[in-house]
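For reference, the structure discussed in these notes is given below.
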Amino acid sequence: MIGPVRVVGTGLLGTSIGLGLRARGIEVILADASPTNLSIAIDYGAGRAALTGDRPQLIVVCVPPDVTAEIVARELESFPDAIVTDVASVKLAPLAELRARGADVSRYIGSHPLAGRERGGPLAGRADLFLGRPWVVAAHDGISYQQATAIDDLILDLGATLVEMSPEDHDRSVALVSHVPQVVSTLMARRLTDAPAASLNLAGQGLRDVTRVAASDPELWVQILGANAAPVREILVAYRDDLDRFIEALAEPAAPGARRRVAEELAGGNAGVSRLPGKHGHDRRFVSLTVMVDDTPGQIARLLNEIGALGVNVEDLRLEHSPGAELGLAEISVLPEAVTRLTEELAARGWRIAG
1 MIGPVRVVGT GLLGTSIGLG LRARGIEVIL ADASPTNLSI AIDYGAGRAA
51 LTGDRPQLIV VCVPPDVTAE IVARELESFP DAIVTDVASV KLAPLAELRA
101 RGADVSRYIG SHPLAGRERG GPLAGRADLF LGRPWVVAAH DGISYQQATA
151 IDDLILDLGA TLVEMSPEDH DRSVALVSHV PQVVSTLMAR RLTDAPAASL
201 NLAGQGLRDV TRVAASDPEL WVQILGANAA PVREILVAYR DDLDRFIEAL
251 AEPAAPGARR RVAEELAGGN AGVSRLPGKH GHDRRFVSLT VMVDDTPGQI
301 ARLLNEIGAL GVNVEDLRLE HSPGAELGLA EISVLPEAVT RLTEELAARG
351 WRIAG
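Counting with full-length UniProt numbering, you get residues 1 to 355 for the letters of the sequence shown.
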(Lines of atoms letter the chains of each structure in order from A; the text may use other names.)
(Lines give C-alpha, C1' and ligand atoms only; values in the text may rest on other atoms or scores of the structure.)
Protein backbone atom coordinates (compact mmCIF):
# COMPACT_ATOMS: atom_id res chain seq x y z
CA MET A 1 0.00 0.00 0.00
CA ILE A 2 0.96 3.61 -0.60
CA GLY A 3 -1.90 5.21 1.31
CA PRO A 4 -3.45 7.01 2.86
CA VAL A 5 -6.24 4.52 3.65
CA ARG A 6 -9.56 5.73 5.05
CA VAL A 7 -11.30 3.22 7.35
CA VAL A 8 -15.00 3.87 8.01
CA GLY A 9 -16.16 2.02 11.11
CA THR A 10 -13.85 1.38 14.05
CA GLY A 11 -15.16 -1.91 15.39
CA LEU A 12 -13.06 -5.06 15.56
CA LEU A 13 -12.30 -5.29 11.84
CA GLY A 14 -11.84 -1.58 11.18
CA THR A 15 -9.54 -1.08 14.15
CA SER A 16 -7.56 -4.22 13.28
CA ILE A 17 -7.08 -3.00 9.70
CA GLY A 18 -5.89 0.35 11.02
CA LEU A 19 -3.48 -1.24 13.49
CA GLY A 20 -2.07 -3.58 10.86
CA LEU A 21 -1.50 -0.78 8.35
CA ARG A 22 -0.01 1.59 10.93
CA ALA A 23 2.44 -1.16 11.89
CA ARG A 24 3.69 -0.96 8.28
CA GLY A 25 3.99 2.82 8.42
CA ILE A 26 0.93 3.52 6.25
CA GLU A 27 -1.17 6.59 7.01
CA VAL A 28 -4.67 5.63 8.20
CA ILE A 29 -7.67 7.96 8.44
CA LEU A 30 -10.45 6.82 10.78
CA ALA A 31 -14.14 7.70 10.71
CA ASP A 32 -17.05 6.42 12.79
CA ALA A 33 -20.59 7.50 13.62
CA SER A 34 -19.73 6.81 17.28
CA PRO A 35 -17.40 9.49 18.70
CA THR A 36 -16.52 7.12 21.55
CA ASN A 37 -15.44 4.26 19.30
CA LEU A 38 -13.50 6.69 17.10
CA SER A 39 -11.69 8.17 20.09
CA ILE A 40 -10.79 4.72 21.46
CA ALA A 41 -9.45 3.54 18.10
CA ILE A 42 -7.33 6.70 17.73
CA ASP A 43 -5.98 6.35 21.27
CA TYR A 44 -5.25 2.71 20.52
CA GLY A 45 -3.01 3.78 17.64
CA ALA A 46 -5.15 2.64 14.71
CA GLY A 47 -5.00 5.97 12.87
CA ARG A 48 -5.94 9.64 13.00
CA ALA A 49 -9.19 11.57 12.68
CA ALA A 50 -10.35 12.77 9.27
CA LEU A 51 -9.33 16.23 8.06
CA THR A 52 -10.71 18.49 5.35
CA GLY A 53 -8.75 17.89 2.18
CA ASP A 54 -7.97 14.20 2.83
CA ARG A 55 -7.39 12.30 -0.42
CA PRO A 56 -7.29 8.58 0.41
CA GLN A 57 -6.00 6.05 -2.07
CA LEU A 58 -8.37 3.39 -0.72
CA ILE A 59 -11.47 3.44 1.48
CA VAL A 60 -12.44 0.40 3.55
CA VAL A 61 -16.03 0.41 4.84
CA CYS A 62 -16.40 -1.67 8.02
CA VAL A 63 -20.02 -1.13 9.07
CA PRO A 64 -22.99 -3.49 9.70
CA PRO A 65 -24.45 -5.21 6.61
CA ASP A 66 -27.75 -3.32 6.66
CA VAL A 67 -26.01 0.02 6.07
CA THR A 68 -23.01 -1.13 4.02
CA ALA A 69 -24.37 -0.09 0.61
CA GLU A 70 -25.51 3.30 1.94
CA ILE A 71 -22.08 4.11 3.40
CA VAL A 72 -20.22 2.79 0.34
CA ALA A 73 -22.36 5.01 -1.92
CA ARG A 74 -21.65 8.03 0.28
CA GLU A 75 -17.90 7.37 0.25
CA LEU A 76 -17.85 6.92 -3.54
CA GLU A 77 -19.54 10.29 -3.95
CA SER A 78 -17.41 12.09 -1.36
CA PHE A 79 -14.05 10.80 -2.65
CA PRO A 80 -14.25 10.57 -6.46
CA ASP A 81 -10.59 9.56 -6.85
CA ALA A 82 -10.60 6.67 -4.34
CA ILE A 83 -11.20 2.96 -4.70
CA VAL A 84 -13.78 1.69 -2.18
CA THR A 85 -14.19 -1.76 -0.68
CA ASP A 86 -16.18 -3.14 2.24
CA VAL A 87 -15.72 -6.09 4.59
CA ALA A 88 -19.35 -7.17 5.05
CA SER A 89 -19.94 -10.93 5.25
CA VAL A 90 -22.35 -10.87 2.27
CA LYS A 91 -21.37 -9.56 -1.13
CA LEU A 92 -24.24 -9.89 -3.60
CA ALA A 93 -26.80 -7.73 -1.77
CA PRO A 94 -24.57 -4.63 -1.33
CA LEU A 95 -23.50 -4.74 -5.01
CA ALA A 96 -27.12 -5.05 -6.18
CA GLU A 97 -28.20 -2.15 -3.94
CA LEU A 98 -25.35 0.06 -5.15
CA ARG A 99 -26.32 -0.58 -8.76
CA ALA A 100 -29.95 0.20 -7.93
CA ARG A 101 -28.81 3.49 -6.36
CA GLY A 102 -26.88 4.39 -9.50
CA ALA A 103 -23.56 4.46 -7.63
CA ASP A 104 -20.25 4.43 -9.52
CA VAL A 105 -19.42 0.74 -9.05
CA SER A 106 -16.45 1.11 -11.41
CA ARG A 107 -14.52 2.18 -8.28
CA TYR A 108 -16.08 -0.35 -5.89
CA ILE A 109 -15.31 -4.00 -5.28
CA GLY A 110 -16.52 -5.93 -2.24
CA SER A 111 -14.24 -8.02 -0.08
CA HIS A 112 -14.57 -10.17 3.03
CA PRO A 113 -11.85 -11.19 5.52
CA LEU A 114 -12.76 -14.48 7.19
CA ALA A 115 -11.31 -13.48 10.52
CA GLY A 116 -12.80 -12.42 13.81
CA ARG A 117 -13.02 -12.88 17.54
CA GLU A 118 -15.79 -13.58 20.04
CA ARG A 119 -15.46 -9.98 21.25
CA GLY A 120 -16.15 -6.88 19.19
CA GLY A 121 -15.39 -3.16 19.35
CA PRO A 122 -12.16 -1.20 18.97
CA LEU A 123 -10.60 -2.59 22.15
CA ALA A 124 -10.70 -6.09 20.62
CA GLY A 125 -8.67 -4.95 17.60
CA ARG A 126 -5.39 -6.70 16.80
CA ALA A 127 -2.77 -5.85 14.18
CA ASP A 128 -2.24 -9.57 13.46
CA LEU A 129 -5.94 -10.50 13.18
CA PHE A 130 -5.70 -11.30 9.45
CA LEU A 131 -2.40 -13.20 9.37
CA GLY A 132 -2.85 -16.36 7.33
CA ARG A 133 -6.62 -15.90 7.08
CA PRO A 134 -8.56 -16.07 3.78
CA TRP A 135 -9.71 -12.69 2.46
CA VAL A 136 -12.14 -12.90 -0.45
CA VAL A 137 -12.19 -10.33 -3.25
CA ALA A 138 -15.63 -10.55 -4.90
CA ALA A 139 -14.90 -9.25 -8.39
CA HIS A 140 -17.57 -7.95 -10.77
CA ASP A 141 -17.45 -6.93 -14.43
CA GLY A 142 -17.77 -3.20 -13.71
CA ILE A 143 -14.25 -2.69 -12.33
CA SER A 144 -10.89 -3.28 -13.97
CA TYR A 145 -8.18 -5.43 -12.42
CA GLN A 146 -5.84 -2.42 -12.44
CA GLN A 147 -8.23 -0.45 -10.24
CA ALA A 148 -8.61 -3.37 -7.85
CA THR A 149 -4.87 -3.74 -7.21
CA ALA A 150 -5.06 -1.38 -4.22
CA ILE A 151 -7.40 -3.85 -2.52
CA ASP A 152 -5.03 -6.72 -3.32
CA ASP A 153 -2.17 -4.69 -1.79
CA LEU A 154 -4.21 -4.09 1.36
CA ILE A 155 -4.91 -7.80 1.81
CA LEU A 156 -1.34 -8.91 1.20
CA ASP A 157 0.14 -6.17 3.40
CA LEU A 158 -2.05 -7.36 6.30
CA GLY A 159 -0.74 -10.90 5.89
CA ALA A 160 -3.99 -12.44 4.66
CA THR A 161 -4.43 -14.92 1.81
CA LEU A 162 -6.19 -13.41 -1.20
CA VAL A 163 -9.05 -15.50 -2.63
CA GLU A 164 -10.92 -14.42 -5.77
CA MET A 165 -14.61 -15.36 -6.07
CA SER A 166 -17.75 -14.00 -7.66
CA PRO A 167 -20.25 -12.39 -5.25
CA GLU A 168 -22.67 -15.28 -5.90
CA ASP A 169 -20.08 -17.98 -5.19
CA HIS A 170 -18.92 -16.12 -2.08
CA ASP A 171 -22.41 -15.92 -0.59
CA ARG A 172 -23.12 -19.60 -1.27
CA SER A 173 -19.78 -20.56 0.25
CA VAL A 174 -20.13 -18.57 3.47
CA ALA A 175 -23.69 -19.86 3.85
CA LEU A 176 -22.22 -23.36 4.11
CA VAL A 177 -19.08 -22.74 6.16
CA SER A 178 -20.19 -19.83 8.37
CA HIS A 179 -23.85 -18.86 8.36
CA VAL A 180 -25.47 -22.30 8.70
CA PRO A 181 -22.96 -23.35 11.41
CA GLN A 182 -24.03 -20.24 13.33
CA VAL A 183 -27.69 -21.34 13.15
CA VAL A 184 -26.89 -24.94 14.13
CA SER A 185 -24.70 -23.80 17.03
CA THR A 186 -27.41 -21.41 18.21
CA LEU A 187 -30.15 -24.05 18.13
CA MET A 188 -27.97 -26.51 20.04
CA ALA A 189 -27.17 -23.88 22.67
CA ARG A 190 -30.89 -23.13 23.09
CA ARG A 191 -31.34 -26.71 24.35
CA LEU A 192 -29.16 -25.72 27.31
CA THR A 193 -31.33 -22.88 28.60
CA ASP A 194 -33.65 -25.15 30.63
CA ALA A 195 -31.23 -28.03 31.17
CA PRO A 196 -30.64 -29.19 34.77
CA ALA A 197 -27.44 -27.92 36.34
CA ALA A 198 -26.41 -31.52 36.98
CA SER A 199 -26.46 -32.16 33.23
CA LEU A 200 -24.45 -29.04 32.41
CA ASN A 201 -21.79 -30.07 34.93
CA LEU A 202 -21.06 -33.05 32.70
CA ALA A 203 -20.35 -30.87 29.65
CA GLY A 204 -17.03 -31.52 27.95
CA GLN A 205 -15.07 -29.91 25.15
CA GLY A 206 -17.31 -31.38 22.45
CA LEU A 207 -20.33 -29.35 23.57
CA ARG A 208 -18.20 -26.23 23.96
CA ASP A 209 -16.85 -26.67 20.43
CA VAL A 210 -20.35 -27.03 18.98
CA THR A 211 -21.82 -24.04 20.85
CA ARG A 212 -18.86 -21.62 20.85
CA VAL A 213 -20.19 -19.30 18.14
CA ALA A 214 -23.67 -19.27 19.72
CA ALA A 215 -22.33 -16.44 21.91
CA SER A 216 -22.18 -14.13 18.86
CA ASP A 217 -24.07 -10.83 18.61
CA PRO A 218 -27.76 -11.54 17.73
CA GLU A 219 -28.33 -8.11 16.17
CA LEU A 220 -25.46 -8.58 13.72
CA TRP A 221 -26.55 -12.09 12.81
CA VAL A 222 -30.12 -11.02 12.12
CA GLN A 223 -28.67 -8.72 9.45
CA ILE A 224 -26.28 -11.33 8.02
CA LEU A 225 -28.88 -14.08 7.79
CA GLY A 226 -31.44 -11.71 6.30
CA ALA A 227 -28.98 -10.56 3.62
CA ASN A 228 -28.02 -14.14 2.69
CA ALA A 229 -31.35 -15.83 3.35
CA ALA A 230 -31.78 -17.86 0.14
CA PRO A 231 -28.58 -19.98 0.23
CA VAL A 232 -28.82 -20.38 4.02
CA ARG A 233 -32.40 -21.60 3.73
CA GLU A 234 -31.48 -24.06 0.97
CA ILE A 235 -28.79 -25.68 3.14
CA LEU A 236 -31.02 -25.72 6.22
CA VAL A 237 -33.76 -27.52 4.30
CA ALA A 238 -31.25 -30.23 3.34
CA TYR A 239 -30.04 -30.30 6.95
CA ARG A 240 -33.64 -30.79 8.10
CA ASP A 241 -33.88 -33.80 5.79
CA ASP A 242 -30.73 -35.21 7.40
CA LEU A 243 -32.25 -34.73 10.85
CA ASP A 244 -35.48 -36.41 9.76
CA ARG A 245 -33.53 -39.51 8.70
CA PHE A 246 -31.82 -39.63 12.09
CA ILE A 247 -35.10 -39.12 13.93
CA GLU A 248 -36.81 -41.85 11.94
CA ALA A 249 -33.96 -44.30 12.57
CA LEU A 250 -33.91 -43.56 16.31
CA ALA A 251 -37.68 -43.96 16.66
CA GLU A 252 -37.17 -47.73 16.47
CA PRO A 253 -33.43 -48.39 16.83
CA ALA A 254 -33.96 -52.17 16.80
CA ALA A 255 -35.89 -52.08 13.51
CA PRO A 256 -34.21 -53.69 10.47
CA GLY A 257 -31.86 -51.22 8.80
CA ALA A 258 -32.08 -48.56 11.55
CA ARG A 259 -28.55 -49.02 12.85
CA ARG A 260 -27.17 -49.13 9.32
CA ARG A 261 -28.86 -45.82 8.56
CA VAL A 262 -27.35 -44.21 11.67
CA ALA A 263 -23.94 -45.65 10.80
CA GLU A 264 -24.16 -44.28 7.25
CA GLU A 265 -25.04 -40.80 8.50
CA LEU A 266 -22.15 -40.86 10.97
CA ALA A 267 -19.77 -42.08 8.27
CA GLY A 268 -20.96 -39.23 6.06
CA GLY A 269 -19.90 -36.84 8.80
CA ASN A 270 -16.46 -38.46 8.91
CA ALA A 271 -16.16 -37.98 5.16
CA GLY A 272 -17.11 -34.31 5.42
CA VAL A 273 -14.63 -33.57 8.19
CA SER A 274 -11.86 -35.27 6.24
CA ARG A 275 -12.27 -32.67 3.48
CA LEU A 276 -11.52 -29.71 5.74
CA PRO A 277 -8.07 -28.30 4.99
CA GLY A 278 -5.54 -28.50 7.78
CA LYS A 279 -2.71 -26.22 8.76
CA HIS A 280 -1.79 -23.60 6.11
CA GLY A 281 -4.66 -24.90 3.97
CA HIS A 282 -2.98 -28.24 3.26
CA ASP A 283 -5.08 -31.39 3.29
CA ARG A 284 -2.79 -33.25 5.66
CA ARG A 285 -4.05 -35.13 8.70
CA PHE A 286 -2.44 -34.94 12.13
CA VAL A 287 -2.47 -37.34 15.06
CA SER A 288 -3.31 -36.27 18.61
CA LEU A 289 -2.07 -37.35 21.99
CA THR A 290 -3.47 -36.07 25.27
CA VAL A 291 -1.15 -35.13 28.11
CA MET A 292 -2.43 -34.76 31.69
CA VAL A 293 -1.15 -31.48 33.15
CA ASP A 294 -1.30 -30.38 36.79
CA ASP A 295 -3.35 -27.20 37.23
CA THR A 296 -0.44 -25.11 38.48
CA PRO A 297 1.33 -22.10 36.92
CA GLY A 298 3.95 -22.78 34.29
CA GLN A 299 3.03 -26.38 33.43
CA ILE A 300 1.81 -25.70 29.89
CA ALA A 301 4.92 -23.63 29.15
CA ARG A 302 7.14 -26.44 30.46
CA LEU A 303 5.32 -29.01 28.34
CA LEU A 304 5.64 -26.97 25.15
CA ASN A 305 9.32 -26.23 25.85
CA GLU A 306 10.08 -29.93 26.27
CA ILE A 307 8.23 -30.80 23.05
CA GLY A 308 10.25 -28.13 21.25
CA ALA A 309 13.49 -29.48 22.74
CA LEU A 310 12.60 -32.87 21.27
CA GLY A 311 12.42 -31.27 17.81
CA VAL A 312 8.69 -31.92 17.36
CA ASN A 313 6.47 -29.21 15.90
CA VAL A 314 3.07 -28.70 17.55
CA GLU A 315 0.56 -28.46 14.70
CA ASP A 316 -2.38 -27.69 16.99
CA LEU A 317 -3.11 -27.44 20.71
CA ARG A 318 -6.37 -27.67 22.63
CA LEU A 319 -6.77 -27.35 26.39
CA GLU A 320 -9.55 -28.78 28.52
CA HIS A 321 -10.16 -28.89 32.26
CA SER A 322 -10.91 -32.25 33.79
CA PRO A 323 -14.24 -31.78 35.68
CA GLY A 324 -13.86 -31.90 39.45
CA ALA A 325 -10.09 -32.38 39.37
CA GLU A 326 -7.04 -30.15 39.73
CA LEU A 327 -5.98 -31.38 36.34
CA GLY A 328 -5.90 -30.13 32.77
CA LEU A 329 -5.83 -32.08 29.54
CA ALA A 330 -3.58 -30.81 26.74
CA GLU A 331 -4.46 -32.35 23.37
CA ILE A 332 -1.36 -32.05 21.19
CA SER A 333 -1.63 -32.55 17.41
CA VAL A 334 1.54 -33.61 15.60
CA LEU A 335 2.53 -35.32 12.36
CA PRO A 336 1.78 -39.08 12.40
CA GLU A 337 5.45 -40.03 12.14
CA ALA A 338 6.25 -38.08 15.33
CA VAL A 339 3.54 -39.35 17.68
CA THR A 340 5.19 -42.61 18.86
CA ARG A 341 8.53 -41.02 19.68
CA LEU A 342 6.90 -38.03 21.34
CA THR A 343 4.69 -40.26 23.49
CA GLU A 344 7.67 -42.31 24.64
CA GLU A 345 9.90 -39.29 25.29
CA LEU A 346 7.26 -37.40 27.27
CA ALA A 347 6.45 -40.46 29.37
CA ALA A 348 10.17 -40.90 30.10
CA ARG A 349 10.23 -37.32 31.37
CA GLY A 350 7.41 -37.95 33.82
CA TRP A 351 4.44 -36.66 31.83
CA ARG A 352 1.24 -38.71 32.12
CA ILE A 353 -0.28 -39.61 28.77
CA ALA A 354 -4.05 -40.16 28.78
CA GLY A 355 -5.07 -43.53 27.43
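Think of the CB as a built atom: it goes at the ideal place given N, C-alpha and C, for glycine as much as any other residue.
The count of Cβ pairs closer than 8 Å, one atom from the region 124 to 131 and one from the region 169 to 178, stays below three, leaving the stretches out of contact. Its chain contains L98, R101, A103 as the residues whose beta carbon lies nearer than 7 Å to that of A73, once the 5 sequence neighbours on both sides are disregarded; these appear in chain order. Annotation for P134: the continuous beta strand (DSSP E) segment containing it runs 134 to 138. The beta carbon of L92 lies closer than 7 Å to those of P167, E168, D171 in the same chain, with the five residues before and after it left out.
Excluding sequence positions up to five before and after L76, its CB lies within less than 7 Å of the CB of V84, A103, D104, R107, Y108, all in the same chain and listed in chain order. Taken through DSSP and simplified to helix, strand or coil, T343 comes out as helix.
Going by DSSP, P181 is part of the alpha helix (DSSP H) stretching over 180 to 190. Between G47 and I59, the C-beta spacing is not below 7 Å. Cβ atoms of F286 and D242 stay farther apart than 8 Å, at about 28 Å. P65 is classed as buried because its beta carbon has at least 16 other beta carbons within 10 Å across all chains shown. The alpha carbon of V291 has as its nearest neighbour, out of E306, P35, A330, R275, the alpha carbon of A330.
Contact check for P80 and A88: beta-carbon distance about 22 Å, past the 8 Å limit, so the pair fails to qualify. Within the region 279 to 314, the runs of alpha helix (DSSP H) at least 4 residues long that lie entirely inside it are, in chain order, 299 to 309. The count of Cβ pairs closer than 8 Å, one atom from the region 30 to 42 and one from the region 179 to 194, stays below three, leaving the stretches out of contact. Residue pairing by DSSP places L319 opposite A330 in a beta bridge.
In this structure, V183 is the residue among V183, Y239, S199, A238 with its C-alpha nearest to the C-alpha of A215.
The Cβ atoms of G14 and V7 sit closer than 7 Å to each other. When rounded, the separation of the alpha-carbon atoms in L21 and S178 is 27 Å. L154 is not a Cβ neighbour of R133, given a cutoff of 7 Å. If you keep only unbroken alpha helix (DSSP H) runs of at least 4 residues inside the region 22 to 48, you get 35 to 43. Going by DSSP, S166 is part of no alpha helix (DSSP H) at all; its letter is neither H nor E. Here the region 305 to 320 lies against the region 332 to 341, with 3 or more beta-carbon pairs under 8 Å apart. Following the DSSP letters along the chain, one finds L58 inside the beta strand (DSSP E) bounded by residues 58 to 61. Under DSSP, T85 forms a beta bridge with V60.
Going by C-alpha positions, I353 is about 14 Å away from L319.
For S111, the secondary structure class from DSSP, reduced to helix, strand or coil, is strand. For a cut-off of 8 Å, the C-beta gap from G9 to C62 is around 4 Å, short enough to register as a contact.
Under the three-state reduction of DSSP, V8 is assigned to strand. A direct Cα-Cα distance of roughly 36 Å separates L342 from W135.
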